[in-house]
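Numbering follows numbering that gives the first Met the number 0, with no gaps: position 23 of the sequence shown is 22. Where a beta carbon is used, it is the ideal one built from N, C-alpha and C, also for glycine.
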Amino acid sequence: MYHQSNEYNAETCLDLALNLLIQVGKLQKIVVHKMIKEDNYKELYELLENGYAKGKSLTLYRPLRFTSINCLSEALLYLVDLQILEHTETLTIIEAESYVGVFKLLERRIQQYTLLYCQKKAT
0 MYHQSNEYNA ETCLDLALNL LIQVGKLQKI VVHKMIKEDN YKELYELLEN
50 GYAKGKSLTL YRPLRFTSIN CLSEALLYLV DLQILEHTET LTIIEAESYV
100 GVFKLLERRI QQYTLLYCQK KAT
C-alpha cells in the first residue's frame with residue numbers, strides 16, 4: 000500500500016458520499032452534520048444502513064466498532080443500490096483500496112448531479 004495524502008482518507012470520502020446522498024434527497028443535511036460534528040458514527044451507520052436496507056430482508060454485517068470507514072462502506076452500498084454509482088466501477092476502486100479513486104468517483108458524480116440540477120432549474 001502506498002502513502003496517501005491526508006486529503007484522500009475515509010473521512011473526506013465519507014463527506015463526499017454523504018453530500019451526494021443529501022443532493023439526491025436521501026439524507027437530511029441538518030441530521031448528517033449533527034452526527035458528524037458529534038463523531039456519532041454509530042448513529043450515522045444505522046441511518047445509512049436503514050436507508051439502504053429499507054423494505055429488504057437483508058442480513059447485513061454489523062461492525063464491532065463504528066468508524067468513518069464503516070460509514071463510508073455503507074454510504075457506497077446505498078449509492079450503488081440507488082444506481083447513482085455503478086457497481087463494477089465502485090467495486091474495482093474498493094478492491095484497490097484507493098481513497099483517491101473513491102474521492103474522484105464521488106466528486107465526479109456530485110459534479111454531474113450539480114450540472115443536471117442547474118440544467119433543470121434553467122428550463
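- Inclusion of Leu15 and Leu78 in the CB contact set at 8 Å is not warranted, their separation being larger than that value.
- Rounded to whole angstroms, Ser67 and Glu10 show a C-alpha spacing of 6 Å.
- Here Leu104 has Leu84, Glu88, Thr89 and Ile92 as same chain residues with Cβ atoms under 8 Å from its own Cβ, once five neighbours each way along the sequence are excluded.
- In its chain, beyond the 5 residues on either side, Leu17 have a beta carbon closer than 6 Å to the beta carbon of Val31.
- Just measuring C-alpha positions, the residue of Asn69, Leu13 and Lys25 sitting nearest Asp80 is Lys25.
- Note that the C-beta distance between Cys70 and Leu47 is below 8 Å.
- Within the model, the alpha-carbon separation for Val99 versus Glu6 is close to 9 Å.
- Judged by DSSP in its simplified three-state form, Thr66 adopts coil rather than helix or strand.
- With at least 16 other beta carbons inside 10 angstroms of its own, Glu73 counts as buried.
- Exclusion of the five residues before and after Tyr112 leaves Gln22 as the residues of its chain whose Cβ lies within less than 6 Å of its Cβ.
- For Asn8, the closest of Met34, Val101, Arg107 and Lys120 by C-alpha to C-alpha distance is Val101.
- Per the C-alpha coordinates, the member of Ala95, Leu115 and Leu76 positioned closest to Tyr44 is Leu76.
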